[in-house]
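Peer 1: In the working numbering, the protein residues as written are 71 to 305.
1. Specify the secondary structure class of residue 173 as computed by DSSP and reduced to three states.
2. On the DSSP bridge list, what partners appear for residue 301?
3. Name the two residues that bound the continuous alpha helix (DSSP H) containing residue 73.
4. Quick one: what does DSSP say residue 215 is sitting in, helix, strand or coil?
5. What are the complete beta strand (DSSP E) segments, minimum 3 residues, inside the segment 86 to 116?
6. Where residue 301 and residue 280 are concerned, what is the direct C-alpha to C-alpha distance, given to the nearest angstrom?
7. Quick one: what's got a C-beta closer than 6 Å to residue 199's C-beta in the same chain, skipping five residues either side?
8. Mind checking whether residue 185 and residue 241 have CB atoms under 9 Å apart?
9. Pick from 189, 237, 188 and 143: whose alpha carbon is nearest that of residue 197?
10. Near residue 187, which residues of its chain fall below 8 Å by C-beta distance, leaving aside the five closest residues on each side in sequence?
11. Where residue 125 and residue 275 are concerned, what is the direct C-alpha to C-alpha distance, given to the nearest angstrom?
12. Measuring CB to CB, does residue 183 end up less than 9 Å from residue 252?
13. Given 8 Å as the limit, is there contact between the segment 145 to 153 and the segment 119 to 137, that is, 3 or more CB pairs closer than that?
14. Pull the bridge partners of residue 139 from the DSSP assignment, please.
15. Rounding to the nearest angstrom, what Cα-Cα distance links residue 176 and residue 218 in this structure?
16. Would a C-beta distance cut-off of 9 Å place residue 189 and residue 299 closer than the cut-off?
17. What residue does the alpha helix (DSSP H) around residue 152 start on, and which one ends it?
18. Going by beta-carbon coordinates alone, are residue 259 and residue 291 separated by less than 9 Å?
19. On a CA-only basis, which of 152, 159, 136 and 174 is nearest residue 84? Give me that one, please.
20. Express the C-alpha separation of residue 100 and residue 293 in angstroms, rounding to a whole number.
21. Give the range of the beta strand (DSSP E) segment to which residue 295 is assigned.
22. Ordered along the chain, which non-local residues of its own chain (more than five positions away) have a Cβ less than 7 Å from that of residue 236?
23. Quick one: what's got a C-beta closer than 8 Å to residue 205's C-beta in the same chain, skipping five residues either side?
24. Should residue 308 be labelled buried (16 or more other beta-carbon atoms within 10 Å of its own) or exposed?
25. Using a beta-carbon distance below 9 Å, is residue 119 in contact with chain B?
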């Protein structure tokens, strides 16, 4: 994938890359699939009228938004090393299936940025991170490029850690406009939690990834694999 194609991956306004960043990005060093180990704080939210506008055009047609998922993630082992991440995803129904698409994602690793965009069309941008993804801690992410935004999340556990095994299908729109499907398989331990989220209200991100108290979880540990994407017909 060329730097032009990397820049054209579909995402919300906060994921736009600068020409200066594109000029210095490395090659894609780790093709799909990736297997990663992480800890995280994640939360869920209701769909609003603005949620549909966060969907790329190739995915939004015929999709009914059901909700939003946000997460702060600290990766301890990936094919491109350690890094931090924040994301916002839209869950939606299409025909009889429930799918997800990542509309916003930011990391503090240029190598991860390239791999995410080139392999899966994850709209990764650059951010700076402070804090920890632990019970009672706060993790904050701030945009590192021209478009200002910030997100902070802290989690209060409301139950014991439980083992989980899950899988889901992720649809992403690539630079050429085609949509591809990837399967995610995850296994780990999660504590149910109430997550307090603060999204910069001057950022358009805040219209669908909303501030407030949300049901969610503290991922104490998780290992997941995101498979190589396959073409899919949408519509």
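Quick reminder that beta carbons are idealized off the backbone N, C-alpha and C, glycines included.
Peer 2: From the atom records:
1. On the chain shown, residue 173 is found 103 positions in, with the first residue counted as 1. Looking at residue 173 - three-state DSSP - the assignment turns out to be strand.
2. For the purposes of this step, residue 301 is identified with residue 231 of the chain shown, where counting begins at 1. In DSSP, residue 301 forms a bridge with 250.
3. Residue numbering aside, residue 73 sits at position 3 when the chain shown is read from its first letter. For residue 73, the enclosing alpha helix (DSSP H) starts and ends at 73 to 77.
4. For the purposes of this step, residue 215 is taken as residue 145 along the chain shown, with counting starting at 1. Coil, per DSSP.
5. Whole beta strand (DSSP E) segments, 3+ residues: 104 to 116.
6. Here residue 301 refers to the residue found at position 231 when the chain shown is read from its first residue. Here residue 280 refers to the residue found at position 210 when the chain shown is read from its first residue. Each residue's Cα considered, the two are about 32 Å apart.
7. In the chain shown, residue 199 corresponds to position 129, counting from 1. Correct list, in chain order: 154, 178 and 211.
8. Within the chain shown, residue 185 is the residue found at index 115, counting from 1. Within the chain shown, residue 241 is the residue found at index 171, counting from 1. Not in contact: residue 185 and residue 241 (Cβ atoms no closer than 9 Å).
9. Residue numbering aside, residue 197 sits at position 127 when the chain shown is read from its first letter. Of the candidates 189, 237, 188 and 143, the one whose C-alpha sits nearest the C-alpha of residue 197 is 143.
10. Stepping through the chain shown from its first residue, residue 187 is reached at position 117. If the five residues before and after residue 187 are omitted, its C-beta is found closer than 8 Å to the C-beta atoms of 71, 76, 79, 193 and 194, all from its own chain and listed in chain order.
11. Locating residue 125 in the chain shown gives position 55, counting from the first residue. Locating residue 275 in the chain shown gives position 205, counting from the first residue. So the alpha carbons of these two residues sit roughly 12 Å apart.
12. Counting from one through the chain shown, the residue named residue 183 turns up at place 113. Counting from one through the chain shown, the residue named residue 252 turns up at place 182. No, the Cβ-Cβ distance between residue 183 and residue 252 is not below 9 Å.
13. Output reads no: the segment 119 to 137 does not touch the segment 145 to 153.
14. Position 69 of the chain shown, counted from the start, is the residue given in the question as residue 139. For residue 139, which the question treats as bridged, DSSP gives the partners 114 and 159.
15. Counting from one through the chain shown, the residue named residue 176 turns up at place 106. Counting from one through the chain shown, the residue named residue 218 turns up at place 148. Rounded to the nearest angstrom, the gap between the Cα atoms of residue 176 and residue 218 is 12 Å.
16. Position 119 of the chain shown holds residue 189. Position 229 of the chain shown holds residue 299. Yes.
17. Here the question's residue 152 lines up with position 82 in the chain shown. Judged by DSSP secondary structure, residue 152 falls outside any alpha helix (DSSP H); it is assigned neither H nor E.
18. Numbered from 1 along the chain shown, position 189 holds the residue referred to as residue 259. Numbered from 1 along the chain shown, position 221 holds the residue referred to as residue 291. Contact annotation: residue 259 and residue 291 have beta-carbon atoms nearer than 9 Å.
19. Along the chain shown, read from residue 1 onward, the residue named residue 84 stands at position 14. It is 174 whose Cα lies nearest to the Cα of residue 84.
20. The residue labelled residue 293 in the question sits at position 223 within the chain shown. The residue labelled residue 100 in the question sits at position 30 within the chain shown. So the alpha carbons of these two residues sit roughly 17 Å apart.
21. For the purposes of this step, residue 295 is taken as residue 225 along the chain shown, with counting starting at 1. That run of the beta strand (DSSP E) goes 282 to 296.
22. Translated into the one-based positions of the chain shown, residue 236 becomes position 166. Residues 256 of the same chain have their beta carbon placed closer than 7 Å to that of residue 236, with the five preceding and five following residues left out of the count.
23. The residue you call residue 205 lines up with position 135 of the chain shown. Closer than 8 Å at the Cβ level, and outside the excluded window around residue 205, lie 225, 226, 227, 261, 263 and 288.
24. As displayed, the chain neither begins before 71 nor continues past 305, which places residue 308 out of reach and without an answer.
25. In the structure shown, chain B does not exist; there is a single protein chain.
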